[in-house]
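Visitor: Take a look at the following structure, please.
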Amino acid sequence: MAVPSQFLPEESHAASQPSSEPAAPRPLIIDTDPGIDDAAAIAALLASDAVDVRLIATVSGNVNIDHTTENALKLLTFLDRRIPVARGASEPLERPAVYAPEVHGESGMDGFDFPEPNRSLLLDEDAIEAEARVLRESDMPVDILALGPLTNITLLIRRHPEVLPNIRRVVLMGGTSAARPEITVPDFNIAVDPEAAAEVFGAAIPIVMVGVEIGWDARLSASDVETMRADGPVGAMIAALFGVYDDGRVDRGVQMYDPTAAWYLMHPELFVTKPAEVGVTGADGPFDGITTQVTFAPALDAVAADVPAGACATDPRPHVDVVTDIDVDGFARTFVDGIRRADERFIP
Ligand SMILES: [Ca+2]
1 MAVPSQFLPE ESHAASQPSS EPAAPRPLII DTDPGIDDAA AIAALLASDA VDVRLIATVS
61 GNVNIDHTTE NALKLLTFLD RRIPVARGAS EPLERPAVYA PEVHGESGMD GFDFPEPNRS
121 LLLDEDAIEA EARVLRESDM PVDILALGPL TNITLLIRRH PEVLPNIRRV VLMGGTSAAR
181 PEITVPDFNI AVDPEAAAEV FGAAIPIVMV GVEIGWDARL SASDVETMRA DGPVGAMIAA
241 LFGVYDDGRV DRGVQMYDPT AAWYLMHPEL FVTKPAEVGV TGADGPFDGI TTQVTFAPAL
301 DAVAADVPAG ACATDPRPHV DVVTDIDVDG FARTFVDGIR RADERFIP
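So in the UniProt record's numbering, spot 32 of the sequence shown is number 32, and the numbers just go up one at a time.
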């Protein structure tokens with residue numbers, strides 16, 4: 001299916017540019033379950049010169065698929081962005097849906113009075129077909145940012161294996177490589193659909209995993225939130241959502257789970273990663289015990305030394321880069337700047 005005319009870009013990104021100009025933005029699909037922290041991540045991505053958002057695909061997660069799809073449309077309407085939205089999986093692969101209204105409110109984006117959504121942004125295609133089409137039509141490999149359960153990504157892998165070479169990498173928020181006792185939140189995105197997560201981690205695609213401990217550390221202070229609120233309507237919208245997020249306990253800092261994964265695409269210099277193999281554990285037990293099993297690779301030199309001379313040139317490195325650290329101050333500073341950029345660009 002061709003891109004409907006209302007989504008054609010207002011100006012072509014293919015225009016030739018002097019070599020001193022920054023690199024062209026990388027094409028990006030956002031697979032998401034908005035969700036308050038999803039909304040903050042999406043607003044910043046849409047204002048960034050680093051990425052070109054081609055599609056927002058929704059999935060059941062923080063709230064049901066009707067709400068996540070409606071929320072994506074509401075957010076785009078508020079920001080006045082004509083990005084196509086495709087509705088995705090309404091439940092996990094093999095188990096009933098689990099939601100998180102206690103964190104995001106009943107609608108998933110409680111706390112702000114959004115305008116009526118522009119429903120012409122919603123595609124007839126489902127999320128899996130839309131993702132496959134965007135991958136097929138792109139002239140360069142596409143990043144996928146997965147901010148919810150991995151149900152759609154697994155269905156894409158099953159239904160359209162021919163487009164997988166066009167995935168540059170899947171950057172996902174979920175899992176943990178450093179379970180710490182003070183982190184009391186369940187690993188929601190993995191635990192909601194552990195069968196899907198296991199299939200994605202086992203697929204032959206590059207993955208960057210941003211775990212819950214990274215979002216736990218990367219907090220915005222109450223003062224950061226007040227700065228955003230004063231900066232303009234987008235900042236005020238984000239601050240209003242944060243006012244109800246996770247009981248609205250802004251005074252202790254707002255934990256930024258999904259935005260940290262989004263930030264890896266825009267500011268990779270703020271992150272440390274290590275190659276690893278990742279599996280999923282606890283899927284036969286209680287929800288709160290389902291998470292990732294991360295096995296870090298030996299130092300790459302040691303891995304290379306294990307390959308006998310003359311062996312065939314198989315890349316011995318694991319295919320998941322797991323984020324192990326984030327520059328917390330740099331994240332908070334660039335977050336406030338990123339939302340300010342959305343205010344400057346989107347709101348007249
Ligand atoms: Ca999310």
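Beta carbons: idealized from backbone N, C-alpha and C, even for Gly.
A quick note: this is a predicted structure, and the numbers were derived from the prediction, not measured.
Going by beta carbon distance, what residues of the same chain come within less than 7 Å of Leu93, once the five residues before and after it are set aside?
Guide: Thr151, Thr154, Asp193, Glu195 and Ala196
Visitor: In chain order, what residues place their C-beta within less than 5 Å of a heavy atom belonging to ligand 1?
Guide: Asp33, Gly35, Asp38, Leu147, Gly148 and Asp258
Visitor: State the CB to CB distance for the pair Met109 and Ile36, rounded to an integer number of angstroms; the pair is presumed to be in contact (CB under 8 Å).
Guide: 6 Å
Visitor: Can you name the start and end residues of the beta strand (DSSP E) that Ile347 belongs to?
Guide: It is not in any beta strand (DSSP E) - Ile347 carries neither H nor E in the DSSP assignment.
Visitor: What is the DSSP secondary structure of Pro27, reduced to helix, strand or coil?
Guide: strand
Visitor: Please work out which residues of its chain come closer than 6 Å, Cβ to Cβ, to Phe207, disregarding the five sequence neighbours upstream and downstream, and give them in chain order.
Guide: Note on residue identity: the sequence assigns Ile, not Phe, to residue 207. The residues are Val170 and Val320.
Visitor: Taking DSSP's pairing of strands, which residues face Lys274 in a bridge?
Guide: Val322
Visitor: Considering just the uninterrupted stretch of the beta strand (DSSP E) at Met209, what are its terminal residues?
Guide: For Met209, the uninterrupted beta strand (DSSP E) run begins and ends at Ile207 to Val210, by DSSP.
Visitor: Between the alpha carbons of Thr292 and Gly279, how many angstroms are there, rounded?
Guide: 6 Å
Visitor: Using three-state DSSP, classify Pro316 as helix, strand or coil.
Guide: The predicted model places Pro316 with a pLDDT of 44, which falls under 50 and marks its position as unreliable, so this point remains unresolved.
Visitor: Locate the beta strand (DSSP E) running through Val51, then write down its first and last residues.
Guide: Boundaries of the beta strand (DSSP E) around Val51: Val51 to Thr58.
Visitor: Taking Thr295 as part of the beta strand (DSSP E), name the residues at either end of that continuous run.
Guide: Thr291 to Phe296
Visitor: Below 8 Å, can you find three or more Cβ-Cβ pairs linking the region 95-103 to the region 122-141?
Guide: no
Visitor: CB Ala72 to CB Ala342, shorter than 9 Å?
Guide: no
Visitor: Output the distance between the C-alpha atoms of Val254 and Arg219, rounded to the nearest integer angstrom.
Guide: 5 Å
Visitor: When every heavy atom of ligand 2 is checked, does at least one fall within less than 8 Å of the C-beta of Val212?
Guide: Ligand 2 is absent from the structure shown, which contains only ligand 1.
Visitor: If I measure Cβ to Cβ from Arg229 and keep anything under 7 Å in the same chain, skipping five residues before and after, which residues do I get?
Guide: Gly235, Ala236 and Ala239
Visitor: Just how far apart, CA to CA, sit Leu135 and Glu162?
Guide: 10 Å
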